[in-house]
Amino acid sequence: MTKNLINYYSDSSAGAPEPLTELRLGAQAAMALLFTPEAQPVSLHYIDDEAVNGYVKCPGDGCPVCYAGAKPSHFDLLPVFDVESGVVKVLRISDNRRPAGLAAKLIPHLKGEGAADKLILISKPTRTDYSVISRPLGTDANRGEAEIQAFSEKFDNGLQLGLAFRAMTCNELAEVPKVAARLGAMGGWIQPAPNPEASAGEAEPS
Ligand SMILES: [Zn+2]
368 MTKNLINYYS DSSAGAPEPL TELRLGAQAA MALLFTPEAQ PVSLHYIDDE
418 AVNGYVKCPG DGCPVCYAGA KPSHFDLLPV FDVESGVVKV LRISDNRRPA
468 GLAAKLIPHL KGEGAADKLI LISKPTRTDY SVISRPLGTD ANRGEAEIQA
518 FSEKFDNGLQ LGLAFRAMTC NELAEVPKVA ARLGAMGGWI QPAPNPEASA
568 GEAEPS
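According to the numbering used here, the sequence shown is numbered sequentially starting from 368.
1) Runs of 4 residues minimum, wholly inside the segment 445-502: which ones carry the alpha helix (DSSP H) assignment?
2) Would residue 427 and residue 490 be called neighbours here (beta carbons separated by less than 8 Å)?
3) Could you tell me which of 552, 430 and 441 sits nearest to residue 470, measuring between CA atoms?
4) If you drop the 5 nearest sequence neighbours on each side, which residues of the same chain put their C-beta closer than 8 Å to that of residue 546?
5) Run the proximity test for residue 475: is its beta-carbon closer than 7 Å to any non-hydrogen atom belonging to ligand 1?
6) Using 8 Å for Cβ pairs, my map puts residue 523 next to residue 503. What's the rounded Cβ distance?
7) Could you please give the first and the last residue of the uninterrupted alpha helix (DSSP H) stretch that includes residue 515?
8) Does the beta-carbon distance from residue 401 to residue 477 come in below 8 Å?
9) Rounded to the nearest angstrom, what separates residue 421 and residue 388 at their Cα positions?
10) If you reduce the DSSP assignment to three classes, tell me which class residue 429 lands in.
11) Give me the Cα-Cα distance between residue 390 and residue 418, rounded to the nearest whole angstrom.
12) Residue 408 by DSSP, collapsed to three states: which one?
13) Tell me, to the nearest whole angstrom, how far the beta carbon of residue 408 is from that of residue 443; I am working on the premise that it is less than 8 Å.
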């Protein structure tokens with residue numbers, strides 16, 4: 368069996384699947400195409416420790432970060448096509464209903480006529496402000512049809528957009544220095560009861 372290297376390296380659907388990543392927002396506008404209003408809710412903790420410095424999925428029951436008094440932030444994750452990189456990325460949208468929030472500014476563009484022909488410029492000029500404006504899509508612009516179709520098939524089959532964020536176990540989170548310090552101040556972390564299936568056959572020293 369042979370493989371044509373020219374085709375292999377020019378066909379973005381070949382080779383290892385692209386890992387899902389977040390569409391990062393900053394002062395320079397990201398260029399996105401909106402193709403679905405279907406988002407997935409996710410609960411994340413921002414771990415402000417140099418060992419992590421980013422969002423981590425809240426593991427839910429028994430989460431040591433929640434136990435130490437930090438509530439997770441709730442977001443809706445919306446897949447969008449990132450024109451510059453040519454891949455579908457995940458837009459993290461706070462689920463609050465602030466009029467100045469990203470959701471409030473994005474929804475008119477999701478509903479708008481001819482959304483498929485609009486380039487959406489999303490920027491975050493300050494920590495709390497968002498700007499969302501649309502421009503007509505250039506005739507030669509990358510519309511990402513193949514990428515969007517390939518993504519949509521996976522999305523319809525249950526792809527979890529939370530994969531774009533780091534996942535840590537309860538034990539790993541409890542060992543992050545800043546989390547460990549908060550837990551220590553509370554007299555330690557009461558770990559959740561071990562999962563009987565996962566620990567079957569293991570004697571747990573008490
Ligand atoms: Zn949590």
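Glycine included, each C-beta is placed from N, C-alpha and C at the ideal position.
Result, derived from the coordinates:
1) Runs found: 469-478.
2) Contact: no.
3) Nearest in C-alpha terms to residue 470, of all of 552, 430 and 441, is 441.
4) Here the set comprises 414, 416, 431, 432, 435 and 540.
5) For residue 475, the shortest separation between its Cβ and any heavy atom of ligand 1 does not lie below 7 Å.
6) By a beta-carbon distance limit of 8 Å, residue 523 does not contact residue 503. Their separation comes to about 29 Å.
7) Run containing residue 515: 512-523, per the alpha helix (DSSP H) assignment.
8) Yes, they are a contact pair.
9) Taking the straight line joining both Cα atoms gives about 13 Å.
10) In this structure, residue 429 counts as coil in the three-state DSSP scheme.
11) Taking the CA atoms as reference points, residue 390 sits about 22 Å from residue 418.
12) Assignment of residue 408 by DSSP, reduced to helix, strand and coil, places it in the strand class.
13) About 6 Å separates the CB atoms of residue 408 and residue 443; that is less than 8 Å, so the two are in contact.
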